[in-house]
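Since the structure comes first, as structure tokens, the remarks are kept for the end.
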Amino acid sequence: MNDVKVIRSIKPVYNKDLIMSRLGYDKYRTTLSAETMREIERLIKKTEDIMDITAAYRITGITQINPPQIILEDGTILSGQMLSELLKNSRQALIMGATGGAKVMELIARLQEEGKMSEAVVIDAAASEITDSVLDFVMAMVEQYFRPKGMFLTKMRFSPGYGDFDIQQQKEFYRLLNAQDLGIMINEACLLIPEKSVFAIAGICHDQE
Amino acid sequence: MTKKEFRKLFQNRLIILDGGMGTLLQKAGMPGGVCPEKWAAINSELLKDTQRKYVEAGSDIIYAFTFGANPIKLSEYGIEDETYALNKTLAEIARDAAGKDALVAGDISSCGNLLYPFGSVMFEEAVEGFKKQVKGLLDGGVDLFVIETMMDLQEARAALIAIKESCDLPVMVTMTFEGQRTLMGNDPLSVLVTLQSLGADAVGCNCSGGPAEMVEIIRMMKPYAKVPLIAKPNAGKPRLENGVTIYDMDDESFAAYTEELVEAGANALGGCCGTTPEYIRRVGEIAKSLRPVQAERKPYSLACSNRKTVEIHVTLPFTVIGERLNPTGKKFLKEALLKGDMDVVSDLAREQVEAGAMLLDVNAGVPGIDEKETLKVMVNEVCNSVSAPILIDTSNPEALEAALRIYPGRAVVNSISGESEKIEKLLPITKKYGAMFVLLPVDDNGVPETAEKRIEIIKRVYSRAREMGFSKEDILVDGLVMTIASNPSSALETMKVISWCKKTFKINTVIGLSNVSFGLPAREGINAAFLAMAVANGLTSAILNPNNQQMMQCVKASDALVSRDKSGLSYIDYYAEKSRPQDNTSEKAEKRQETVLKSLYDAIINGDGDAAEDMARQALISGKMPKEIIDKEMIPAIQKVGEFYEQKQYFLPQLIRGAEAMERAMAVIAPELERDKEERIESKGTIVIATVKGDVHDIGKNILAMLLRNYGFDVIDLGKDVESKRIIDAAKANNADIIALSALMTTTMNQMPLVMADMKRENLNCHMMVGGAVVDRNFAESFGAYYSNDAYKAVKLADEIMKRNKNGG
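Going line by line, the protein sequences match chains A and B.
Counting from 53, one number per residue, gives the positions in the first sequence under our numbering.
Counting from 43, one number per residue, gives the positions in the second sequence under our numbering.
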């Protein structure tokens, strides 16, 4: 199972509370009029409609874990103490990526140019959350494929840039997922473009033989 | 086994299915990474023993171990050529294990890839793949089929169609839910409606979470179920303990849900991941003393997409069907369809649903177009844009079949008339795919003028449909609306048909509303009056323009008047939440009048840009000095907004809306300030702001620039991905007091100390503030910069820095 699988046009379930939380909403203290709440919901829906979601994943064998190094079956070396801990019970890993596409970033830029910063900031937060929820979707889907074999995924996933999992390793993910085919570019600083793009890794667990 | 025998099996008793296999085989030595079906076929005795244990534990039906034995999945192991042989062998092993004590179901599950448009597998490719599996299973001697652990309704449909096109054996279909939807967003009711209409003989859920979650799903399905319901849950969630997979629930706690599942409406029970023969034995023991519940089924017509079911009935609120996805008389839509521009289609779909359409009529009838292909693309586009179910509006049998085949829900065919050709060609296609249909009372003699003749045709078409297995719930009778311009009594004849359908024949109705006024002036008035009269006579639904506010007002009012909208709540809600773009001019004018009375201060606090602009203008007209307006109203207001934000009474969008309102007011006041030099407001300081080289995340920086301007700073915004030299040059040229930098990535934040080094090298007498997701105070202080973790705090920090500057700090 080494090939990259691509998923398009999905409508992942996302948590609106997490979007509100990204915007600094405090359910005990922040007071919102019904009109403002409707406006926020309209903008979230608009984000959902304009996002052009593409995700990709591949399952790859883990040859060796020698903390902090993790060697994948194709010879790719990832490095991270916390990542090594996450994958300690896994002999396979799920490598995944998602992008919200360029259109939503163009909308955010246009709104800022038009002086509609309050709309831009809501759409920006919603797009981030929805992109993240695509990876939740990928994990749930892959787990569903593995579950009947008595296998399941680690509860968590790590993205390059998290803790000691260096951001430079975005390049390995980019290569492993053929991310150029998803319309993602990577710059010298390992920054993904469109901005609402993310890579991550999780482990696949099963009984130790 | 025949479908009739299968139905009989469920009469007055609960059926016991089998439990999990994967975990058991793994414990018996199946290594990870192998093809489980191939391994099991090789280790046939082990497989047979395990399956036999389920039979001995009381399973009435066991599943052949062919879950993933479809060619697409097998190709992952390079053994797709073995599809037929593997399925046949595994069915024979199950047959052996079952003996005469249990039935064997050929097991089909997901191909392990998503279907188009989500993944790369085309619908027909999936159908063909499943057919290969079905052939092997049939030759291996299965009694029936089960499609299980599906998370996409469309893939379940593909498998069901593959079986239906291969044999007449009964088919059970179960899907896996995460909470109350499948991962692909399918809800329990749409799953049930789609599958039972398409010909599944039992429907339900398997895998998913534990049995507790499943109780609710079964309960949601039961009032609409025409077929037995299946519950086959996991033993909770798995975890690793000392290298061994453990599930949350033991056999006793798992079986304890049996009664609750049966009460909810389950007719067949079993287990999935983590369950063993012992779990099934315990469930069977409890089930012996229980009987399936007989629930009263709701008499509604049910149309659904893959994410939403619409219930249609004369006792329920009126069903609005959007008419705008029909190119007749719409040049822009015709052109879009000819060019293949589907953005127009998705926009029209969204606009109609937002305006209140519950279903959408979809028509691809453009002269010279490939209707079959265009209709398919339109149907896909509508499905991806909105969750409303659709009417497939065509009389072309090929186009109809192509669209129904790929539609991942239960559509309504619009329409089938009493014309012999239509009955012969369209009715069987509609039945095959389980769709509803609009019955058009027209026959080979043309359009009957009187209600009596229309009723004769309705009875004749219904009689033929009933022979094919349709019931009244599957039909919407078209009242057949003709213009009153050519026949003044035509509207009354339509009313008679609608009234007869409601009172005598007890069948749901629909009309194409706007025909009634064709050729007349002021058509909306006639349409609205006709609609209200038709609703009073029992009309169930109409195809109309939901973006026409008069029509929608008429629908809501009519529902309230005939008590289909209980307590008028929907009517009240409709008006409570509406501020429709096409008809809000009077509302806006009213609002403006109100805001004149408010102070500029309030407008900024409330983030009301329109009011802020108006009030600033009013304040100038009333003779107030610009500086006074800013000092006494605007600055205190924006400071108050900041305070609210700090106290978390406001969140970020409210802070920014305050700033936007401030900007709008400032745009009115600023030109007046320019005229009077004495009135000029002194700048708090000059700030050069930029996102560092290599970084393109700039929304945070843009928010800060806006706030800084609001709070009285001169801001020179250099944008994103800015080289150090440009920053230093700008600071020099503008005699900046502060350089403010943002960076979002660990790889770009290192630009910040480089800019600081350049700043020192150039002996600039200025400070540096930094911020961004990965930046923290320690990092900032390590090279002598100030740090802030949010935009508003950064404004306060800039204020402090300037105060210290002035005090010589």
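Cβ coordinates follow ideal geometry from the N, Cα and C atoms, glycine included.
Legend: CB atoms of the segment 59-77 of chain A lying less than 8 Å from CB atoms of chain B belong to residues I59, R60, S61, I62, K63, V65, M72, L75, G76, Y77. Listed in chain order, the alpha helix (DSSP H) elements of length 4 or more contained wholly in the segment 793-821 of chain B are 793-803. When CB distances to chain B are screened at a threshold of 7 Å, the residues of the segment 164-178 of chain A falling below it are Q164, G167, M169, S170, A172, V173, V174, D176, in chain order. Taking a contact as a CB-CB distance under 8 Å, the pair L202/B and L156/B does not count as one, their CB atoms being some 18 Å apart. Residue-level contact by beta carbon fails for L750/B and chain A, as no gap is shorter than 7 Å. For V362/B, the three-state secondary structure derived from DSSP is strand.
Counting every other CB atom within 10 Å of its CB across the protein chains shown gives G665/B a total below 16, marking it as exposed. Identification of residues in the segment 391-405 of chain B having a C-beta nearer than 8 Å to some C-beta of chain A yields R392, given in sequence order.
For F172/B, the CB contacts under 7 Å within the same chain, skipping 5 residues up- and downstream, are N112, I150, A200, A201, A204 in chain order. Proximity of the segment 171-191 of chain A to the segment 48-65 of chain B falls short of the contact definition, fewer than three beta-carbon pairs being nearer than 8 Å. Within the same chain, and ignoring the five residues on either side of A533/B in sequence, the residues whose Cβ sits closer than 7 Å to its Cβ are I526, V558, F572. Residue state for P490/B is assigned as coil, using DSSP reduced to three classes. The beta carbon of P280/B sits closer than 7 Å to some beta carbon of chain A. D800/B is positioned such that its CB atom lies closer than 7 Å to that of I770/B. By alpha-carbon distance to V194/A, the top candidate from E100/A, N67/A, A108/A is A108/A.
For V97/B, the three-state secondary structure derived from DSSP is helix. For G651/B, the secondary structure class from DSSP, reduced to helix, strand or coil, is helix. For F251/A, the pairing in a beta bridge is given by DSSP as G149/A.
Sorting E353/B, L282/B, A833/B, S583/B by C-alpha distance to the C-alpha of Y753/B places A833/B at the top. Nearest CB-CB separation between I434/B and chain A: not below the 7 Å threshold. Within the same chain, Cβ atoms closer than 8 Å to the Cβ of I57/B are found at L51, D102, I103, P270, N309, A310, L311, the five residues on either side in sequence being excluded. Measuring C-alpha to C-alpha distances from G316/B to each of Q222/B, R281/B, L433/B, Y342/B identifies R281/B as the nearest. Among the bridge pairs identified by DSSP, E353/B is matched with L344/B. In the three-state reduction of the DSSP assignment, T115/A falls in the strand class, which pools E and B.
In this structure, the CA atom of Y342/B is about 41 Å from the CA atom of E320/B. Residue-level contact by beta carbon fails for N230/A and chain B, as no gap is shorter than 7 Å. For Y692/B, the neighbours in chain A by C-beta distance under 7 Å run, in chain order, T82.
In this chain, the beta strand (DSSP E) harbouring M214/B covers 213-217. In the DSSP assignment, V539/B falls within the unbroken alpha helix (DSSP H) covering 532-542. Contact note: F160/B reaches chain A through I59, R60, S61, I62, using a C-beta cutoff of 7 Å and chain order. T287/B is bridged by DSSP to L282/B. Interface criterion met: the Cβ of C315/B is under 7 Å from a Cβ in chain A. Check the Cα spacing between C209/B and each of N831/B, P409/B, L179/B, G826/B: the tightest is with L179/B. DSSP places C315/B outside both helix and strand once states are collapsed to three, so it counts as coil.
Non-local C-beta neighbours of I745/B in its own chain, meaning closer than 6 Å and more than five positions away in sequence, comprise A833, ordered along the chain. Short of 6 Å from the beta carbon of T131/B, and not among the five residues preceding or following it, lie these beta carbons of its own chain, in chain order: A83.
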